[in-house]
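**Student:** Here it is, the structure, as structure tokens.
Protein chains in written order, with the numbering used here: chain A, 1 to 102; chain B, 1001 to 1142.
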């Protein structure tokens, strides 16, 4: 999985590309957490538009990041997940916790 | 019921094989010409089952995971088997959000995903001997 970062004001935007599973999640998690610490940002935007596969490891990753962001009073946003990714997000009820920009 | 086709593959409990396993199972099911949604559901459920075998079945140790797919006229039966630690309390393991590995940021949703995305799910487990997950999915052709 490829991860690229950009900034939108107070938010760190993470563009993820490829498949998010247990195998890829640990490295992605480490990269996001390091970048989030280094940048002067408060909020986190996860752009899932190029994520082609996600299982419950992705749910774990999203919830883990949400906990960190909430801890410093920031907000999290999930951007443009594909329909099959939306399905697992809905099932896990992440939608009730995190704002979704379809 | 007479199976139309069958495949069996085994691989080491390495996380790199999670994507291998789900691609293999999805490709096998594809011969029945199922909808894109059905293929996506199979891919996700197999990924969960194989990840469970790797993380919970074997943990730090390395072992063998066996993936078997059997095609019937209307459905596919997928079995994921490991010969690792086994699950002490299957009912507890199935509880949404329950995980023995919060350190890995496991969401505890693995079995819930399998149950939701497949039409049936059976878990057979013996402590010290391993776990066998059997799932079926109806294959309505397009």
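Beta carbons: idealized from backbone N, C-alpha and C, even for Gly.
CA-CA distance, residue 38 of chain A and residue 49 of chain A?
**Tutor:** Taking the first residue of the first chain as 1, we reach residue 38 of chain A at position 38. Taking the first residue of the first chain as 1, we reach residue 49 of chain A at position 49. Cα to Cα, residue 38 of chain A sits roughly 25 Å from residue 49 of chain A.
**Student:** Keeping to the same chain, check which residues put their C-beta closer than 8 Å to that of residue 1127 of chain B; ignore five residues upstream and five downstream.
**Tutor:** The residue given as residue 1127 of chain B occupies position 127 in the second chain. Taken in chain order, the residues that qualify are 1085, 1086, 1087 and 1088.
**Student:** Run the proximity test for residue 7 of chain A: is its beta-carbon closer than 7 Å to any non-hydrogen atom belonging to the ligand SAM?
**Tutor:** Among the components of this structure there are no ligands whatsoever, and the ligand SAM is therefore not found.
**Student:** On the three-pair Cβ rule with 8 Å, is the region 1008-1015 of chain B touching the region 1055-1065 of chain B?
**Tutor:** Yes: at least three Cβ pairs fall under 8 Å.
**Student:** Specify whether the region 90-101 of chain A and the region 1040-1049 of chain B touch according to this definition: at least 3 beta carbon pairs, one from each stretch, less than 8 Å apart.
**Tutor:** No: the two stretches stay apart, fewer than three of their Cβ pairs being nearer than 8 Å.
**Student:** Indicate whether at least one CB of chain B lies closer than 8 Å to the CB of residue 60 of chain A.
**Tutor:** Taking the first residue of the first chain as 1, we reach residue 60 of chain A at position 60. Yes, residue 60 of chain A counts as interfacial toward chain B.
**Student:** Could you say which of B:1111, B:1040, B:1119 and B:1030 lies nearest to residue 1091 of chain B if we only look at CA atoms?
**Tutor:** Numbered from its first residue, the second chain carries residue 1091 of chain B at position 91. The option with the nearest alpha carbon to residue 1091 of chain B is B:1111.
**Student:** Which residues in the same chain as residue 80 of chain A place their Cβ atom closer than 8 Å to its Cβ, once the five residues preceding and following it in sequence are excluded?
**Tutor:** Counting from one through the first chain, the residue named residue 80 of chain A turns up at place 80. Closer than 8 Å at Cβ, skipping near neighbours: 47, 48, 49, 101 and 102.
**Student:** Exposed or buried, residue 1099 of chain B, counting other C-beta atoms within 10 Å across all chains shown (16 or more means buried)?
**Tutor:** Looking up residue 1099 of chain B in the second chain gives position 99. It is buried - the Cβ of residue 1099 of chain B has at least 16 other Cβ atoms within 10 Å.
**Student:** How far does the beta strand (DSSP E) with residue 1014 of chain B in it reach, from first residue to last?
**Tutor:** Numbered from 1 along the second chain, position 14 holds the residue referred to as residue 1014 of chain B. Unbroken run through residue 1014 of chain B: none, as it is neither H nor E.
**Student:** Taking residue 23 of chain A as the reference, which of A:36, A:55 and A:41 has the closest Cα?
**Tutor:** If you number the first chain from 1, residue 23 of chain A lands on position 23. For the residues A:36, A:55 and A:41, the minimum Cα distance to residue 23 of chain A belongs to A:55.
**Student:** Ordered along the chain, which non-local residues of its own chain (more than five positions away) have a Cβ less than 8 Å from that of residue 1083 of chain B?
**Tutor:** Looking up residue 1083 of chain B in the second chain gives position 83. 1057, 1063, 1064, 1129 and 1130, listed in sequence order.
**Student:** Cβ of residue 1045 of chain B within 8 Å of Cβ of residue 1001 of chain B?
**Tutor:** On the second chain, position 45 is the one that residue 1045 of chain B refers to. On the second chain, position 1 is the one that residue 1001 of chain B refers to. Against a cut-off of 8 Å, the Cβ pair of residue 1001 of chain B and residue 1045 of chain B comes out as no contact.
**Student:** Note down, in chain order, all residues in the region 1107-1134 of chain B with a beta-carbon under 7 Å from any beta-carbon belonging to chain A.
**Tutor:** So the list reads 1107, 1109, 1110, 1113 and 1116, given in the order they occur along the chain.
**Student:** Could you confirm whether any beta carbon from chain A is found closer than 8 Å to the beta carbon of residue 1018 of chain B?
**Tutor:** One-based indexing of the second chain puts residue 1018 of chain B at position 18. Residue 1018 of chain B counts as touching chain A.
**Student:** Going by CA-CA distance only, name the one from B:1023, B:1078, B:1053 and B:1074 that's closest to residue 1122 of chain B.
**Tutor:** The residue you call residue 1122 of chain B lines up with position 122 of the second chain. Selected option, being the one with the closest Cα: B:1078.
**Student:** What does residue 88 of chain A reach in chain B if we use C-beta pairs closer than 8 Å?
**Tutor:** As a working mapping, residue 88 of chain A is identified with position 88 in the first chain. Here the neighbours are 1044 and 1113.
**Student:** When you compare the CB positions of residue 42 of chain A and residue 5 of chain A, do they come within less than 8 Å of one another, or not?
**Tutor:** Start at 1 with the first residue of the first chain, and residue 42 of chain A comes out as number 42. Start at 1 with the first residue of the first chain, and residue 5 of chain A comes out as number 5. Against a cut-off of 8 Å, the Cβ pair of residue 5 of chain A and residue 42 of chain A comes out as no contact.
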